[in-house]
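Chemist: Provided herewith is a single structure, encoded as structure tokens, for subsequent inquiry.
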Amino acid sequence: MGLKELKKKNTWFLKKEKQKVLIKNSISMIKKYLIIFLMMSTLTCSQKKNNDNTNINKTMNKSVNTIIDSFKEKPYYHIKVKSSGVNFDIRINDLPIFRFFGESGGTNIEYPINTGILETGEQILTIKILPIKGKKMIAPENTFTLEINKKSDAWTFDNKREIILIIPKMEVPKEGIPYWEFKTKFNAEVPYQLSGWKNSKKLDQLPNIDKTIKDAYNKIKEAIEQKNNTNFALLTKRKTLEEAISLYEKQEKSLNGFQEEKETILPFTKCIIKFYGDGRLVRLEDEDGESCLKGETKENGKSVIYNYPILFHIPQNSNDLEIIR
Numbered sequence: 001m002g003l004k005e006l007k008k009k010n011t012w013f014l015k016k017e018k019q020k021v022l023i024k025n026s027i028s029m030i031k032k033y034l035i036i037f038l039m040m041s042t043l044t045c046s047q048k049k050n051n052d053n054t055n056i057n058k059t060m061n062k063s064v065n066t067i068i069d070s071f072k073e074k075p076y077y078h079i080k081v082k083s084s085g086v087n088f089d090i091r092i093n094d095l096p097i098f099r100f101f102g103e104s105g106g107t108n109i110e111y112p113i114n115t116g117i118l119e120t121g122e123q124i125l126t127i128k129i130l131p132i133k134g135k136k137m138i139a140p141e142n143t144f145t146l147e148i149n150k151k152s153d154a155w156t157f158d159n160k161r162e163i164i165l166i167i168p169k170m171e172v173p174k175e176g177i178p179y180w181e182f183k184t185k186f187n188a189e190v191p192y193q194l195s196g197w198k199n200s201k202k203l204d205q206l207p208n209i210d211k212t213i214k215d216a217y218n219k220i221k222e223a224i225e226q227k228n229n230t231n232f233a234l235l236t237k238r239k240t241l242e243e244a245i246s247l248y249e250k251q252e253k254s255l256n257g258f259q260e261e262k263e264t265i266l267p268f269t270k271c272i273i274k275f276y277g278d279g280r281l282v283r284l285e286d287e288d289g290e291s292c293l294k295g296e297t298k299e300n301g302k303s304v305i306y307n308y309p310i311l312f313h314i315p316q317n318s319n320d321l322e323i324i325r
């Protein structure tokens, strides 16, 4: 995935149609393809720094596309959210999926959640509703509804959906409430098995985690500012792999994703460490709950800020943070 595509990923998600059921596919074959790819990735990581970025991406693209082509069905899950006068944070398996923190307005959106589903089975949905900025209480007239639905095939473009779950109505007494939380489980069937962060190290228990995070952010900062496609591809390859498989996105030939304009990563000031994935995922966030990895560039003479919504983990056999989402 090129840099431009990563920057525009959230907007792209909202435009693209996808989702639904799955037949019990050949899991053994899928595992075989995953093992092949992981071996290729390991070889890729050991290459010298001056390796051509095109070769790295060709290897990854071929492996990802082979895996996706093996799926007989490509079920695609969404959340459908409608809200008015509230902020909210939605997570699947404690992965931040969609959040809204604003001063006014509402939302009416359908958003994919496959990136939070690592394998077939029970999934956990967590929702927290908060007052909008400047308010202390959620008022009775404020609303929030959410359903989880499933599209039978990601590559079939229609409006057919199977409703999997509808959360109960948010009840707000006359005097209002400071927040509202809801947690439940639902079952999902997908043709893939991803390692994700299931067996990653517990980051909230590691010493010197502040320095470890700072070093990881400086690496990705350097790759972006220096427009180093090779390093950027290596640093984001696990994210690219797992998101491509879970979203059934076949990879095209790699192009240089960096813009010609200079891009500067903004200073990591007023950022706090936030843990997700039951303590196995981490990132720096600002006071609005957004990723602190933000790039500033010029477009048509105007300053434009891009947000990179990345999350790190540390695999069990490593001591280094790796971008996983």
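The opening position of the sequence shown corresponds to residue 1 in full-length UniProt numbering, with each subsequent residue numbered one higher.
Just so you know, even glycine gets a beta-carbon here, dropped at the ideal spot from N, CA and C.
#1: So the alpha helix (DSSP H) Tyr217 belongs to, where does it begin and stop?
#2: Between the segment 100-109 and the segment 155-174, do at least 3 Cβ pairs fall closer than 8 Å?
#3: Can Glu117 and Ser246 be called in contact, C-beta distance under 9 Å?
#4: Out of Asn319, Lys237, Ile220, state which residue places its alpha-carbon closest to the alpha-carbon of Lys294.
#5: In this structure, how does DSSP classify Ile67 when only helix, strand and coil are distinguished?
#6: Below 6 Å CB to CB, which residues in the same chain sit around Thr264 once its five sequence neighbours on both sides are set aside?
#7: When you compare the CB positions of Lys239 and Ile310, do they come within less than 9 Å of one another, or not?
#8: Closer than 8 Å is the cut-off here; do at least three beta carbon pairs connect the segment 211-225 with the segment 84-92?
#9: Which same chain residues, not among the five before or five after Val304, have their C-beta less than 6 Å away from its C-beta?
#10: How far does the beta strand (DSSP E) with Leu206 in it reach, from first residue to last?
#11: Measure the alpha-carbon distance for Asp69 versus Leu130 and round it to whole angstroms.
#12: For the alpha helix (DSSP H) that contains Ala154, what are its first and last residues?
#13: Can you tell me whether Ser195 is helix, strand or coil according to DSSP?
#14: If you run the structure through DSSP and keep just helix, strand and coil, what is Gly116?
#15: Measuring only the C-alpha atoms, how far is Ala244 from Lys174?
#16: So, at 7 Å on beta carbons, what are the nonlocal neighbours of Glu225 in its own chain, with the 5 sequence-adjacent residues on each side left out?
#17: Between the alpha carbons of Asn187 and Glu261, how many angstroms are there, rounded?
#18: Would you decide whether Glu73 is buried or exposed? Buried here means 16 or more other CB atoms lie within 10 Å of its CB.
#19: Cutting at 6 Å between CB atoms, please list the residues of its own chain near Ser26, excluding the five before and the five after it.
#20: Looking at the structure shown, is Ser246 part of a helix, part of a strand, or coil, going by DSSP?
#21: Quick check on DSSP: helix, strand or coil for Gly134?
#22: Can you have a look at Glu242 and say buried or exposed, based on whether 16 or more other CB atoms are within 10 angstroms of its CB?
#23: Taking only three categories from DSSP, how would you classify Thr240?
#24: When the Cα atoms are used, what is the spatial distance from Met39 to Ser63?
#25: Can you tell me where the alpha helix (DSSP H) with Phe88 in it begins and where it stops?
#26: Taking all protein chains shown into account, do 16 or more other C-beta atoms lie within 10 angstroms of the C-beta of Asn149, making it buried, or fewer, making it exposed?
#27: With Phe182 as the anchor, note down where its beta strand (DSSP E) starts and where it stops.
#28: Check Lys80 in the structure and name its three-state DSSP category.
#29: So what's Gly105 in DSSP terms, helix, strand or just coil?
#30: Could you tell me if Glu249 is buried or exposed, where buried requires 16 or more neighbouring beta carbons within 10 angstroms of its beta carbon?
#31: Buried or exposed: Thr236, going by 16 or more other Cβ atoms within 10 Å of its Cβ?
#32: Just the Cα atoms here: how many angstroms apart are Lys160 and Phe71?
#33: Given Phe100, which residues of its chain have a CB within under 6 Å of its CB, disregarding the five upstream and five downstream residues?
#34: What is the residue span of the beta strand (DSSP E) that Leu95 lies within?
Modeler: Based on what the coordinates show:
#1: Counting from one through the sequence shown, the residue named residue 217 turns up at place 217. 209-225 is the extent of the alpha helix (DSSP H) around Tyr217.
#2: When C-beta atoms of the segment 100-109 are compared with those of the segment 155-174, fewer than three pairs fall below 8 Å, so the two segments do not count as touching.
#3: Locating residue 117 in the sequence shown gives position 117, where the first residue counts as 1. Locating residue 246 in the sequence shown gives position 246, where the first residue counts as 1. Correcting the residue type first, residue 117 is Ile in the shown sequence and not Glu. At the C-beta level, Ile117 and Ser246 come within 9 Å of one another.
#4: The residue given as residue 294 occupies position 294 in the sequence shown. Nearest C-alpha to Lys294: Ile220.
#5: What you label residue 67 is simply residue 67 of the sequence shown in a count that begins at 1. If DSSP states are grouped into helix, strand and coil, Ile67 belongs with the helices.
#6: Start at 1 with the first residue of the sequence shown, and residue 264 comes out as number 264. The residues are Glu296.
#7: Locating residue 239 in the sequence shown gives position 239, counting from the first residue. Locating residue 310 in the sequence shown gives position 310, counting from the first residue. In this structure, Lys239 lies near Ile310, with their beta-carbon atoms less than 9 Å apart.
#8: Cβ pair count under 8 Å is below three, so no.
#9: The residue given as residue 304 occupies position 304 in the sequence shown. Excluding five sequence positions before and after Val304, the CB atoms of its chain that fall closer than 6 Å to its own CB belong to Thr297, given in chain order.
#10: On the sequence shown, position 206 is the one that residue 206 refers to. Taken as a continuous stretch (DSSP letters only), Leu206 belongs to no beta strand (DSSP E), as it is neither H nor E.
#11: The residue you call residue 69 lines up with position 69 of the sequence shown. The residue you call residue 130 lines up with position 130 of the sequence shown. Those two C-alpha atoms are separated by around 42 Å.
#12: As a working note, residue 154 is residue 154 in the sequence shown. DSSP places Ala154 outside any alpha helix (DSSP H), giving it a letter other than H or E.
#13: Mapped onto the sequence shown, residue 195 falls at position 195. In the structure shown, Ser195 sits in coil (DSSP, three-state: anything other than H, G, I, E or B).
#14: For the purposes of this step, residue 116 is taken as residue 116 along the sequence shown, with counting starting at 1. Helix, per DSSP.
#15: Your numbering for residue 244 matches position 244 in the sequence shown. Your numbering for residue 174 matches position 174 in the sequence shown. If you draw a straight line from the Cα of Ala244 to the Cα of Lys174, it is about 46 Å long.
#16: By 1-based counting over the sequence shown, the position of residue 225 is 225. The beta carbon of Glu225 is closer than 7 Å to those of Glu263, Thr264, Ile265 in its chain, skipping five residues each way along the sequence.
#17: Counting from one through the sequence shown, the residue named residue 187 turns up at place 187. Counting from one through the sequence shown, the residue named residue 261 turns up at place 261. Cα to Cα, the separation comes out at about 45 Å.
#18: Along the sequence shown, one-based indexing puts residue 73 at 73. Buried is the call here.
#19: Numbered from 1 along the sequence shown, position 26 holds the residue referred to as residue 26. For Ser26, the pLDDT reaches just 37, beneath the cut-off of 50, and the residue's location in the model is therefore unreliable, although a value from the coordinates is still provided. Apart from the 5 residues on each side of it in sequence, Ser26 has no Cβ closer than 6 Å to any other Cβ in its chain.
#20: Sequence index remark: in the sequence shown, residue 246 carries index 246 (1-based). It is helical.
#21: As a position in the sequence shown, residue 134 is number 134, starting the count at 1. Residue state, collapsed to three classes: coil.
#22: What you label residue 242 is simply residue 242 of the sequence shown in a count that begins at 1. Under the 10 Å beta carbon count, Glu242 is surrounded by 16 or more other beta carbons and is classified as buried.
#23: One-based indexing of the sequence shown puts residue 240 at position 240. Residue state for Thr240 is assigned as helix, using DSSP reduced to three classes.
#24: Taking the sequence shown and counting its residues from 1, the one referred to as residue 39 is at position 39. Taking the sequence shown and counting its residues from 1, the one referred to as residue 63 is at position 63. In this prediction, Met39 scores a pLDDT of 40, lower than 50, which makes its location untrustworthy; no coordinate-derived value is stated.
#25: What you label residue 88 is simply residue 88 of the sequence shown in a count that begins at 1. Counting along the chain, Phe88 falls outside any alpha helix (DSSP H), though it belongs to the beta strand (DSSP E) covering 86-92.
#26: In the sequence shown, residue 149 corresponds to position 149, counting from 1. Buried, by the Cβ-count rule.
#27: Locating residue 182 in the sequence shown gives position 182, where the first residue counts as 1. Counting along the chain, the beta strand (DSSP E) containing Phe182 begins and ends at 180-188.
#28: For the purposes of this step, residue 80 is taken as residue 80 along the sequence shown, with counting starting at 1. It is a strand residue.
#29: Stepping through the sequence shown from its first residue, residue 105 is reached at position 105. Secondary structure of Gly105 (DSSP, three-state): coil.
#30: Within the sequence shown, residue 249 is the residue found at index 249, counting from 1. By the beta-carbon neighbour count (other beta carbons within 10 angstroms, threshold 16), Glu249 is buried.
#31: Taking the sequence shown and counting its residues from 1, the one referred to as residue 236 is at position 236. Result: buried.
#32: What you label residue 160 is simply residue 160 of the sequence shown in a count that begins at 1. What you label residue 71 is simply residue 71 of the sequence shown in a count that begins at 1. Roughly 20 Å between the two C-alpha positions.
#33: Residue numbering aside, residue 100 sits at position 100 when the sequence shown is read from its first letter. Asn87, Phe88, Thr107, listed in sequence order.
#34: In the sequence shown, counting from the first residue as 1, residue 95 sits at position 95. For Leu95, the enclosing beta strand (DSSP E) begins and ends at 95-100.
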